[in-house]
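Colleague: Take a look at the following structure, please.
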Amino acid sequence: MQRIIQISDTHLGTEPGPIRPGYPDSDDQLARVLAALRREQARPDLLWLTGDLAETPDPKAYDRLLHLLQTYVGDWPVGGLAGNHDDRALLRAALAGAGHPVDGHRVLGEWLLIGVNSAQPGQAAGHIDPAELERLDQLLSTHPAHWAVIAIHHPVVPIGSAWMDRIGLQNGADLLGLLDRHPRVRACLFGHIHQDFQARRGAIELLGCPSTCVQFTPGSQDFAVERIHAGYRVIELHPDGTITTRVQRVPGELPAENEA
Ligand SMILES: [Fe+2]
Numbered sequence: 000m001q002r003i004i005q006i007s008d009t010h011l012g013t014e015p016g017p018i019r020p021g022y023p024d025s026d027d028q029l030a031r032v033l034a035a036l037r038r039e040q041a042r043p044d045l046l047w048l049t050g051d052l053a054e055t056p057d058p059k060a061y062d063r064l065l066h067l068l069q070t071y072v073g074d075w076p077v078g079g080l081a082g083n084h085d086d087r088a089l090l091r092a093a094l095a096g097a098g099h100p101v102d103g104h105r106v107l108g109e110w111l112l113i114g115v116n117s118a119q120p121g122q123a124a125g126h127i128d129p130a131e132l133e134r135l136d137q138l139l140s141t142h143p144a145h146w147a148v149i150a151i152h153h154p155v156v157p158i159g160s161a162w163m164d165r166i167g168l169q170n171g172a173d174l175l176g177l178l179d180r181h182p183r184v185r186a187c188l189f190g191h192i193h194q195d196f197q198a199r200r201g202a203i204e205l206l207g208c209p210s211t212c213v214q215f216t217p218g219s220q221d222f223a224v225e226r227i228h229a230g231y232r233v234i235e236l237h238p239d240g241t242i243t244t245r246v247q248r249v250p251g252e253l254p255a256e257n258e259a
């Protein structure tokens, strides 16, 4: 069995501290989640960071991300993805220095893991460009005997929250159409939505992840912060193509009452 741990939307500021009034400190929150991972989890086969790692892209934010990873889980394999808040080139440069790929792929036992870029410069909504779709198609085609998991920043389906669905993945239908041609795809992991989400489309589990910082209220039509704790997702990949997964919450600081 292979084990993946997903954390998402760390939103580290240019300097440590809250990124908005009433929010907890993004750095402290990430440190709590990483400390909990170290305490609660054996070393996974991959720690996957699914985007919005910086609030506003700055090398200092990515340096602190790396430092926190090094401090708490320095011996864990890490893969990254850019979100709409990130600068993909800066993130790539920072993570590459530590040997961590951005939008990479890897084979783990019977499983193929592929990171897909959906971040577009200057846009909150996501879009997968044709070259990235082609890359995904090629990778899946060249590993027909492997089960596959995709990770992408933006949610690939609407989640029933109007404000969020306006900034979701604009060409989700292109992605899902492509995945339909590859019957061994078993899961699609994403961030962006700052909440636990689980749905199923055919054989594919669609899995959203909490933020390590603040959480958004499920089902809310307008932007709303929910006062529940941060968390991470564990995904176990079994040799027969089945998946078991759960979200683990990590007690920490909640946003101020008037932010909820
Ligand atoms: Fe995002």
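In this text, residue positions in the sequence shown follow numbering that gives the first Met the number 0: the first is 0, and each later residue adds one.
By construction, the Cβ of each residue, glycine as well, lies at the ideal position given by its N, Cα and C atoms.
Given the structure is predicted, the values throughout are model-derived calculations rather than measurements.
1) Just to confirm, are L11 and L48 a CB contact at a threshold of 8 Å?
2) How is Y22 classed by DSSP in three states: helix, strand or coil?
3) Report the three-state DSSP secondary structure of R200 (helix, strand or coil).
4) Give, in chain order, every unbroken run of the beta strand (DSSP E) that is at least 3 residues long and sits entirely within the region 125-161.
5) Does the distance from the C-beta atom of H152 to that of G167 stay below 8 Å?
6) Run through the region 27-64 for me and flag every whole beta strand (DSSP E) of 3 or more residues, listed as ranges in chain order.
7) Identify the residues that DSSP records as bridge partners of V72: which are they?
8) Along the chain, where does the beta strand (DSSP E) that runs through G96 open and close?
9) I need the residues with a C-beta less than 5 Å from some heavy atom of ligand 1; please give them in chain order.
10) Report the rounded CA-to-CA distance for R232 versus Q247, giving the unit in angstroms.
11) Let me know if V106 comes out buried or exposed under the rule of 16 or more other beta-carbons within 10 Å of its beta-carbon.
12) Please go through the same chain and pick out, in chain order, the residues whose beta-carbon is closer than 7 Å to the beta-carbon of G171, but skip the five residues on each side of it.
13) Report yes or no: do three or more beta-carbon pairs, one from the region 17-34 and one from the region 238-256, lie closer than 8 Å?
14) Taking only three categories from DSSP, how would you classify E256?
15) Could you check the C-alpha separation between G103 and R2 for me, to the nearest Å?
16) Bridge partners of V224, per DSSP?
17) What does a CB cutoff of less than 7 Å around I113 pick up in its chain, not counting 5 residues either side in sequence?
18) Helix, strand or coil: how does DSSP classify H181 here?
19) Just reading off the beta strand (DSSP E) that E14 is part of, what are its end residues?
20) Label H66 either buried or exposed according to how many other C-beta atoms from any shown protein chain fall within 10 Å of its C-beta, with 16 as the threshold for buried.
21) For L111, list the residues DSSP reports as bridge partners.
22) Determine whether the beta carbon atoms of S25 and C208 lie at a separation below 8 Å.
23) Rank L236, E235, P100, I192 by C-alpha distance to the C-alpha of R165 and give the top, closest one.
24) If S272 sits next to Q220, beta carbons under 8 Å apart, how far is it from one beta carbon to the other, in whole angstroms?
Modeller: Based on what the coordinates show:
1) no
2) coil
3) strand
4) Within the region 125-161, the complete beta strand (DSSP E) runs of at least 3 residues are 146-151.
5) no
6) 45-49
7) According to DSSP, which records beta bridges pairwise, V72 is partnered with nothing at all.
8) From DSSP, G96 is part of no beta strand (DSSP E) but of the alpha helix (DSSP H) over 87-96.
9) D51, G82, N83, H191
10) Taking the straight line from one Cα to the other gives about 6 Å.
11) exposed
12) Excluding residues within five positions, the ones whose Cβ falls inside 7 Å are V155, V156.
13) yes
14) helix
15) 17 Å
16) F215
17) H104, L135, L138, A147, I149
18) coil
19) Unbroken run through E14: none, as it is neither H nor E.
20) H66 counts as exposed, since fewer than 16 other beta carbons sit within 10 angstroms of its beta carbon.
21) V106, A147.
22) no
23) I192
24) Absent from the structure is residue 272, since the part of the chain shown begins at 0 and ends at 259.
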